[in-house]
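Engineer: Counted the way this note's numbering counts, the sequence shown spans residues 704 to 1041.
A virtual CB, placed ideally from N, CA and C, is assigned to each residue, including glycine.
Following this message is one structure expressed as structure tokens.
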Amino acid sequence: EEVVDLVAGLLCGGCVTAAQDQRVLAASVRRYLLGEPAGRDLGELSLCLQADTREEFLDRVERLPEYDVPEDFGLHRNAQVVSQRSEGARLLSDLARVLSSPAGGPADVAAAEGGEEAALLKQVRTLRQRVTSPLDLEPFSPRWPSGRGRFFAAVLLQEASDCSALLRAAGVSLAELERSLAGLSPLTPELEALAARLRLGQPPESWWGPPGSPGPAGPEPLAAWAAELGARADFFRRWAREGPPAAFEVGAFLWPRRLLTAALLEHAQRLSLPAEEVAPRFEILEELSIRELGGRGPEHGCYLQGLLLQGGRWSRERGCLEAPRPRELACRLPLAWL
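Take a look at the structure:
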């Protein structure tokens, strides 16, 4: 018991202070170290450390697996894949930072910096061409629909404004960096930080969205960011020109909660109910595709597409959520009706 308490304390560095959390932690460590039954057969994944002598105890410690087996901690086997991908991404990021620093004598450093600045200047000019100009908000606001649809029109205006501000900020930063690299203006610390991110092939965090908006789950490649931002702007332009889409692409919204709130308010107004008495309900439409919608949305609510599941998948056979398959880290959810 003393060894269990010691190991449990070392694992979390004494950060666990709540009595219930300490109890759960001690039970988990005891199950792993003492081989207590866990309600499932672990086979050879868990090594019982019960020993009579110190030498036998150390011998069994040496025979522990080199890598922690996720099943021993009650995790899915994909947890090991996620952990290894995270460690690999961190290692590659560190290598990129090291390789971006030229080594050698003064002549080598000058030559490397000159070639690096030329490559960066070319990258900035290419990126400026890919990042479209800010959205013209005039087509988004002249006519507000009355009754049903005005809440979605408000979402369109808000999202288009945020997307336009993001495009404008990225364009201004790239223009200033291009002038600095061309020797026409000084290189400020902010522009130097931007150049460092571009050398790593990653957009700065300020380009992810407005302050407080949910950003990507991890480092996003610069090319993917530029393509996604362009597709998002095209989506809002098409919405303003042709009307609401049959199914909303959730990934196009900087604030997806706005869309959910608009659907709830629209439904509450249709039923003449207070908004606080309306709750969202989702229905998965397994047999329905975007092409079969015919460009029309539902009579009430909205269709959602582009939802991804992490840590689970949708079973078409059983019509419910299930554990993901091995090495299946993200699964696309079928068309959903809110």
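(1) Can you tell me whether A711 is helix, strand or coil according to DSSP?
(2) Restricting to Cα atoms, I'd like to know which of Q832, L802, R833, V834 is closest to E819.
(3) Where are the beta strand (DSSP E) runs, 3 residues long or more, that stay fully inside the region 907-967, in chain order?
(4) Within a Cβ cutoff of 8 Å, which residues of the same chain sit near G1015, ignoring the five residues on either side of it in sequence?
(5) What residue range does the alpha helix (DSSP H) around Q905 cover?
(6) Measure the C-alpha to C-alpha separation of D775 and W1017 and round it to an integer number of angstroms.
(7) Under a Cβ-count criterion, where at least 16 other Cβ atoms within 10 Å of its own Cβ denotes burial, should A813 be classed as buried or exposed?
(8) How many whole angstroms separate the CB atoms of Q861 and A950, which I take to be in contact at a CB cut-off of 8 Å?
(9) Determine, using beta carbons only, whether F938 and A955 come nearer to each other than 8 Å.
(10) So what does DSSP say about D744, is it helix, strand or coil?
(11) Is it the case that the region 881-893 contacts the region 823-830, given that we only count it when at least three CB pairs across the two stretches are under 8 Å?
(12) What does the alpha-carbon distance come out to for the pair L714 and R733?
(13) Compute the Euclidean distance between the alpha carbons of S864 and L1038, then round it to the nearest angstrom.
(14) Return the CA-CA distance between R871 and A896, expressed in angstroms with no decimal places.
(15) Please look up how many angstroms separate the CB atoms of L1036 and L1010, rounded, as I've assumed it's under 8 Å.
(16) Taking C-alpha atoms, which residue in L1012, A899, T891, S796 lies nearest to V953?
(17) Return helix, strand or coil for A814, following the three-state DSSP convention.
(18) Measuring only the C-alpha atoms, how far is E923 from S796?
(19) Is C1005 helix, strand or coil by DSSP?
(20) Hey, out of S992, G912, E990, E1002, whose CA is closest to W958's CA?
(21) Is the beta carbon of L932 sitting closer than 8 Å to the one on L840?
(22) Residues in the same chain with beta-carbon distance under 7 Å from P1001, minus the five sequence neighbours each way, listed in chain order, please.
(23) Using the three-state DSSP reduction, which class does E989 fall into: helix, strand or coil?
(24) For R766 and E1020, what's the separation of their Cα atoms in angstroms?
(25) Let me confirm a value: P837 is counted as buried when at least 16 other C-beta atoms fall within 10 Å, else exposed. Which label applies?
Structural biologist: Result, derived from the coordinates:
(1) By 1-based counting over the sequence shown, the position of residue 711 is 8. Residue state, collapsed to three classes: helix.
(2) What you label residue 819 is simply residue 116 of the sequence shown in a count that begins at 1. Closest option to E819, Cα to Cα, is L802.
(3) 950-952
(4) As a position in the sequence shown, residue 1015 is number 312, starting the count at 1. Taken in chain order, the residues that qualify are L1024, E1025, A1026, P1027, C1034.
(5) As a position in the sequence shown, residue 905 is number 202, starting the count at 1. Note, Q905: premise wrong, no alpha helix (DSSP H); not H, not E.
(6) Along the sequence shown, read from residue 1 onward, the residue named residue 775 stands at position 72. Along the sequence shown, read from residue 1 onward, the residue named residue 1017 stands at position 314. Each residue's alpha carbon lies about 25 Å from the other.
(7) In the sequence shown, the residue the question calls residue 813 occupies position 110. Unreliable positioning characterises A813 in this predicted model, as indicated by a pLDDT of 41, which lies under 50. The coordinate reading is nonetheless provided below. Its Cβ having fewer than 16 others within 10 Å, A813 is exposed.
(8) The residue given as residue 861 occupies position 158 in the sequence shown. The residue given as residue 950 occupies position 247 in the sequence shown. With a Cβ gap of about 20 Å, Q861 and A950 do not count as contacting.
(9) Along the sequence shown, read from residue 1 onward, the residue named residue 938 stands at position 235. Along the sequence shown, read from residue 1 onward, the residue named residue 955 stands at position 252. Yes, Cβ-Cβ distance for F938 and A955 is below 8 Å.
(10) For the purposes of this step, residue 744 is identified with residue 41 of the sequence shown, where counting begins at 1. With a pLDDT of 49 at D744, under the threshold of 50, the modelled position of this residue cannot be trusted; read the value that follows with caution. Reduced to three states, the DSSP call for D744 is coil.
(11) yes
(12) Stepping through the sequence shown from its first residue, residue 714 is reached at position 11. Stepping through the sequence shown from its first residue, residue 733 is reached at position 30. Those two C-alpha atoms are separated by around 13 Å.
(13) Against the sequence shown, residue 864 aligns to sequence position 161. Against the sequence shown, residue 1038 aligns to sequence position 335. Answer to the nearest angstrom: the Cα atoms are 27 Å apart.
(14) The residue labelled residue 871 in the question sits at position 168 within the sequence shown. The residue labelled residue 896 in the question sits at position 193 within the sequence shown. Roughly 19 Å between the two C-alpha positions.
(15) Numbered from 1 along the sequence shown, position 333 holds the residue referred to as residue 1036. Numbered from 1 along the sequence shown, position 307 holds the residue referred to as residue 1010. That pair is a contact at about 4 Å.
(16) Position 250 of the sequence shown holds residue 953. Out of L1012, A899, T891, S796, L1012 has the C-alpha closest to the C-alpha of V953.
(17) Residue 814 sits at position 111 when you count from the first residue of the sequence shown. Any reading at A814 must be qualified, since the residue scores a pLDDT of 40, below 50, and its modelled position is unreliable; no value is offered.
(18) Start at 1 with the first residue of the sequence shown, and residue 923 comes out as number 220. Start at 1 with the first residue of the sequence shown, and residue 796 comes out as number 93. Computed Cα separation, rounded: 12 Å.
(19) On the sequence shown, residue 1005 is found 302 positions in, with the first residue counted as 1. The answer is coil: DSSP assigns C1005 none of H, G, I, E or B.
(20) Here residue 958 refers to the residue found at position 255 when the sequence shown is read from its first residue. Selected option, being the one with the closest Cα: G912.
(21) In the sequence shown, counting from the first residue as 1, residue 932 sits at position 229. In the sequence shown, counting from the first residue as 1, residue 840 sits at position 137. Cβ distance not < 8 Å, so L932 and L840 don't count as in contact.
(22) What you label residue 1001 is simply residue 298 of the sequence shown in a count that begins at 1. Answer for P1001: W1040, listed in chain order.
(23) Stepping through the sequence shown from its first residue, residue 989 is reached at position 286. Here E989 sits in coil by DSSP.
(24) Taking the sequence shown and counting its residues from 1, the one referred to as residue 766 is at position 63. Taking the sequence shown and counting its residues from 1, the one referred to as residue 1020 is at position 317. About 42 Å.
(25) What you label residue 837 is simply residue 134 of the sequence shown in a count that begins at 1. So P837 counts as buried.
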